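Numbering of the sequence shown is given in the working numbering, commencing with residue 16 and proceeding in unit increments. C-beta atoms are modelled at their ideal positions from N, C-alpha and C, and glycine is treated no differently. Fair warning: this is a prediction, and the values are worked out from it, not measured in the lab.
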Amino acid sequence: MDEDKNYIRFKNYFDLIAQVHSVVETKRGFKYLRVWRAMQLGAAESEKSNENTMFYVTTEIFKSYIVEPDSHIGHAVEHYGKHYLLEIAVYGNHQNVLQTLNSGDFVVVKNIHATQKSVYGNLTTTLDLHEDGTRFNRGIYLVPNNCNDPQFRLYQKTCRRMLELFTDKKNFKEFEMERRTSVNHPHVELMNRSLPRVNIVEKPSEVVEVPAESSSADSEDTMCAKPYSKIEIGSSIAVDYFMVDPKHILDGTICPLELMRPHRFEGFQVTLLDANHCPGSVMFLFEGYLIEEFAGGPVLCTGDFRADKTFMNRLDGPLNFLSEFRLARIYLDNTYFKLDQEFPTRKSAQKKLIKEIKAKRDKNIFIPLHRLGRESLLEETSRILKEPIIIYKEKLEIAELLNHFKKKIETRKSNRKIEVVKKEHNILKIPVSENSVIIDLSALHHLVGTRVATDEKREIIRISYSDHSSRTEILEFLKELSFESIYPASKEFTRKEMETMLEAGKEFKLEDLDKHLSVPDFRKKRSNAIEDNVFCQSPDI
């Protein structure tokens, strides 16, 4: 539904598609159809002046339910705030329909009249469905369960996914106590009022994807599909792009989005999923007719992620809806897929870190880390060792913004220091003092093999602490999904690796491998290439 058109006609007449919350009767005999739409009504720039004056049934005027609210919908509105609820006064012959409804039904309400009037001395916005109005198709129409309209199915899925967040099945009691005051979460408020509009192109545009420089130790002869540091769908959607050059960021186009909640843009919607990598890391799930047009179906961009036991448990819980999709594409973090080695759990790696530090009590410890990540690890390590950990200024400032290192940790005096230093590409470039040990918290040394930096003058301890998935973890993750094709986002693929990944798909057949390889348009780079030789990827959406 076009939100801008709704508000152009607001204070006149408009149509609405929504999910039934409940039907109530007031003490004065008025009947209200109460619906929610998993969002606020109207365009971002127009809704603010209306939401604060909208009429709502209160405890004082409530008499009884005609249709009681489903507890999931009730808890959802309670959580997001009453501005997610629309209460429509229904008159005359249209009241006959109210008793046939159930909470959770999807309905189309046609020819609603929105106006402002004085209610109990206050200027209030009311929604009314007047009697009759046959020539305007005025009325309440139930959407059939078998409705196959793509936009409706997407909207239905949006509502269902938001309701899945509320697992409390206890009876929802709304009017036994004073109705809670609506508190708009700042992220919700920014999202609803500041979302950028996406320009829809009339014809599909070719995807422009810029290969990232390979950091693999493999020679050119063993490379395959190149990784992509920038993903663009058509000319309107980009992932990991704005960080490349801030000149692409338009004023007013950045706003925070909440996890596990579909956010609607013009022509598509995106849901953010916790990627279990570092603070703020997310996966992007794109859906909608614009995505269908350009990509052929839903697209999942994993970003950097760790599909460990903690993450996989979510696939049996909050993330189980992913198994319902037939994904057209997965842009996959395949950083360590080449490596046939299991990674220890983060907890096990932390225990090894603490053990190594304790064993070097007469040595200064240097831990090279990037600006973001491992904050909880450092806090917990300091607490267990009862030793302070010095952190370089830039990393500390970011960590404090994430509410780390705020609580005082009890420490004892130590003759040595444990210091976090900025991570360098070459670990030997890290300036450290004599009588020191460098502890490298990374699995990268397994990947680059003999090129790992060594120095007889200093001791380097390597602990395979990874925020990326191992090969086994990636395959277990893929087995939970149904998909058509995979695109590398970190490292190149070989043909054999592509085959292994695709075999994890529920419907993949070996004889279809060439078909899957042709989706990203693999091309031989050398005429004498063997099966694992170099291929280039040039997808078009």
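For residue j and residue i, believed in contact at Cβ under 8 Å, the rounded distance
| i | j | result |
| --- | --- | --- |
| serine 479 | phenylalanine 381 | Incorrect: roughly 18 Å between the Cβ atoms, too far for contact. |
| threonine 325 | asparagine 291 | 6 Å |
| glycine 107 | aspartate 143 | At roughly 11 Å, the Cβ-Cβ gap does not stay under 8 Å, so glycine 107 and aspartate 143 are not in contact. |
| leucine 400 | isoleucine 369 | 6 Å |
| valine 314 | arginine 279 | Contact flag wrong, Cβ pair sits at about 16 Å. |
| histidine 98 | glutamine 55 | 6 Å |
| threonine 139 | threonine 68 | 6 Å |
| phenylalanine 283 | glycine 303 | 3 Å |
| glycine 119 | valine 38 | Their Cβ separation, rounded to whole angstroms, is 12 Å, which puts glycine 119 and valine 38 out of contact at 8 Å. |
| proline 383 | valine 436 | 5 Å |
| lysine 46 | leucine 113 | 6 Å |
| asparagine 117 | valine 92 | That belief does not hold up - the Cβ atoms of asparagine 117 and valine 92 are roughly 17 Å apart, past 8 Å. |
| arginine 486 | histidine 460 | That pair is no contact at about 16 Å. |
Per DSSP, the bridge partner or partners of residue i
| i | result |
| --- | --- |
| valine 158 | Note: valine 158 sits in no beta bridge, so no partner. |
| aspartate 355 | Partner(s): none; aspartate 355 has no beta bridge. |
| glutamine 34 | Trp51 and Phe121 |
| lysine 46 | Glu40 and Val105 |
| tyrosine 480 | Answer by DSSP bridge pairing: none, since tyrosine 480 is not bridged. |
| proline 383 | Val436 |
| isoleucine 88 | Bridge partners of isoleucine 88: none, in fact. |
| tyrosine 28 | His128 |
| phenylalanine 280 | Phe283 |
| leucine 100 | Trp51 |
Secondary structure of residue i, DSSP reduced to three states
| i | result |
| --- | --- |
| phenylalanine 70 | coil |
| aspartate 377 | coil |
| isoleucine 501 | strand |
| alanine 53 | coil |
| phenylalanine 420 | coil |
| methionine 275 | coil |
| histidine 128 | strand |
| leucine 517 | helix |
| glutamate 439 | coil |
| arginine 510 | helix |
| phenylalanine 77 | strand |
| leucine 456 | strand |
| serine 451 | strand |
| threonine 182 | coil |
| isoleucine 445 | coil |
| leucine 142 | strand |
| tyrosine 407 | coil |
| glutamate 425 | coil |
| leucine 116 | coil |
| leucine 169 | helix |
| leucine 400 | helix |
| glutamate 474 | strand |
| phenylalanine 151 | helix |
| arginine 194 | Annotation note: pLDDT 37 at arginine 194 (below 50); position unreliable, coordinate value reported separately. Note: arginine 194 maps to coil in three-state DSSP. |
| aspartate 19 | Here the model assigns aspartate 19 a pLDDT of 41, short of 50, so the residue's position is not dependable, and the following value carries that caveat. It is helical. |
| alanine 59 | The pLDDT assigned to alanine 59 is 45, lower than 50, so where the model puts this residue is not dependable; a value taken from the coordinates is nonetheless given after this. Note: alanine 59 maps to coil in three-state DSSP. |
Length at least 3, wholly inside the stretch 285 to 368: the beta strand (DSSP E) runs in chain order: Taking 3 residues as the shortest admissible run, the stretch 285 to 368 contains the following complete beta strand (DSSP E) segments, listed from N- to C-terminal end: 297 to 302, 314 to 316 and 341 to 347.
Segment contact flag, the stretch 172 to 180 with the stretch 83 to 91, C-beta cutoff 8 Å, min 3 pairs: Under the Cβ criterion (8 Å, minimum of three pairs), the stretch 172 to 180 counts as touching the stretch 83 to 91.
Contact between the stretch 494 to 512 and the stretch 338 to 351 (3+ Cβ pairs under 8 Å): Three or more Cβ pairs closer than 8 Å define a contact, and the stretch 494 to 512 meets that threshold against the stretch 338 to 351.
The stretch 334 to 341 in contact with the stretch 481 to 497 per 3-pair CB rule at 8 Å: A contact exists between the stretch 334 to 341 and the stretch 481 to 497.
Meets three-Cβ-pair contact criterion under 8 Å: the stretch 408 to 421 and the stretch 357 to 366: Contact annotation: the stretch 408 to 421 does not touch the stretch 357 to 366, with fewer than three C-beta pairs closer than 8 Å.
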